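Read through the structure below, which is laid out as structure tokens, and then see the notes.
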Amino acid sequence: MEITKDLRFQKDELLEYFRNRSNEILSELALQYSSSDYKKKASAFNKEIIKSKDNLLSILLETARSEKWTNREILECVLMQYFGN
Numbered sequence: 003m004e005i006t007k008d009l010r011f012q013k014d015e016l017l018e019y020f021r022n023r024s025n026e027i028l029s030e031l032a033l034q035y036s037s038s039d040y041k042k043k044a045s046a047f048n049k050e051i052i053k054s055k056d057n058l059l060s061i062l063l064e065t066a067r068s069e070k071w072t073n074r075e076i077l078e079c080v081l082m083q084y085f086g087n
């Protein structure tokens, strides 16, 4: 996913990114856990999706810093990532 200032207007792209990432994580976890280990699988999924969110945030902040985005632009992009306004 390309991180630009326009991320604040790209709700559909963010949703698609997280849907795809969720599917990847689920595929990986299906190899590690049986269907009876649903609690462990759910816990592992939650940890991995949080890592993905945190990674995307780190990339966003690094890009913003290097491209000298305004505080407003950063805030709007972060809010879109977290809340999908």
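Going by the working numbering, the first residue of the sequence shown is number 3, and it counts up by one from there.
Each residue gets a CB set at the ideal place from its N, CA and C atoms; glycine is no exception.
The structure displayed is predicted, hence computed values, not measured ones.
When we look at the beta-carbon of ALA44 and count the other beta-carbons within 10 Å, is it buried (16 or more) or exposed?
-> exposed
With burial defined as no fewer than 16 other Cβ atoms inside 10 Å of the residue's Cβ, what is the status of ALA66: buried or exposed?
-> buried
Span separating the alpha-carbon of GLU26 from that of SER54 = 11 angstroms
For the putative contact between LEU62 and GLN83, defined by C-beta atoms under 8 angstroms, what is the C-beta separation to the nearest angstrom?
-> 7 angstroms
If you drop the 5 nearest sequence neighbours on each side, which residues of the same chain put their C-beta closer than 7 angstroms to that of LEU31?
-> LYS43, ALA46, PHE47
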